[in-house]
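Colleague: The opening residue of the sequence shown carries number 1255 in this note's numbering; numbering runs sequentially from there.
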Amino acid sequence: MNINLSTRRQILGIGVASVGALALTHVAKAQDATTQAAPAASDAELLRMCLLVEQVGAAYYSQVLASQNTRAYLPTELATAAAQMLETKNAHISTIVGALGNTAAGTPTFKFPFQALVSRKAMPWLGHRLEEIANGAHLTALDTLSNRALRPAVIGIIGANSANAGILQHVLSAEFADHFFEIKLTPAQVEMYISAYRA
């Protein structure tokens, strides 16, 4: 395993290029009939959903690093990647909170299984899953936001999340099934998927 800066940049480039193609060709289509049938959410609801998925990701990487500070469970390269991903998540949160303004909700608390914080296999797996859920939420926002000025920021967030997912795939040298990447998720579905991690 070697997550050096060159590798990260290559994966980031692939992630951003891929998401640009997805956005331009509208590959982010709803394949789930439940999603298609759901009533349209307001821009504020969509942004709060996007904020939530970034908050759960930030909480996860933060707890991974806290465990690492107590005892070096993970390889240095993986811990470094988690720190970089946390920085990315915090930037996303700042962007979304700025768009929400006074309507932004508080920061929820989350708790993750200890094994997922310290295992060199479980940690990338859960991190990848959270990135998938995040992109499912952001794809819905990309396709549904009435304020088109917000969409470039959403595209950038999807690209960064795709890069994170690519790094986590690289760590395990394994292929993951993309459960959500091309499937839009409603706020209710997002809540269902992350409810297990609420404290």
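Backbone N, C-alpha and C fix where the C-beta goes; we use that ideal spot for every residue, glycine too.
According to DSSP, is R1325 helix, strand or coil?
Modeller: Residue state, collapsed to three classes: coil.
Colleague: Do L1305 and L1354 have their CB atoms nearer than 8 Å?
Modeller: In contact: L1305 and L1354 (Cβ atoms closer than 8 Å).
Colleague: Output needed for A1277: all residues of its chain with C-beta closer than 7 Å, excluding positions within five of it in sequence on either side, in chain order.
Modeller: Here the model assigns A1277 a pLDDT of 40, short of 50, so the residue's position is not dependable and the matter cannot be decided.
Colleague: Could you compute how far the alpha carbon of K1365 sits from the alpha carbon of A1333?
Modeller: So the alpha carbons of these two residues sit roughly 19 Å apart.
Colleague: When the Cβ atoms of the stretch 1304-1318 are set against those of the stretch 1382-1391, are three or more pairs found closer than 8 Å?
Modeller: Contact holds: three or more Cβ-Cβ distances are below 8 Å.
Colleague: Does the distance from the C-beta atom of T1394 to that of T1440 stay below 8 Å?
Modeller: Cβ atoms of T1394 and T1440: closer than 8 Å.
Colleague: From R1325 to P1378, what does the alpha carbon distance come to, in whole angstroms?
Modeller: Roughly 18 Å between the two C-alpha positions.
Colleague: Can you give me the start and stop residues for the alpha helix (DSSP H) that S1416 sits inside?
Modeller: R1405 to L1426 is the span of the alpha helix (DSSP H), which, as asked, contains S1416.
Colleague: Beta-carbon separation of L1426 and G1381 under 8 Å?
Modeller: No. Outside cutoff.
Colleague: Take every Cβ of the stretch 1345-1354, pair it with every Cβ of the stretch 1315-1329, and state whether three or more of those distances are shorter than 8 Å.
Modeller: Cβ pair count under 8 Å is below three, so no.
Colleague: Taking 8 Å as the threshold (C-beta atoms), are A1419 and T1342 in contact?
Modeller: For T1342 and A1419, no; Cβs fall outside 8 Å.
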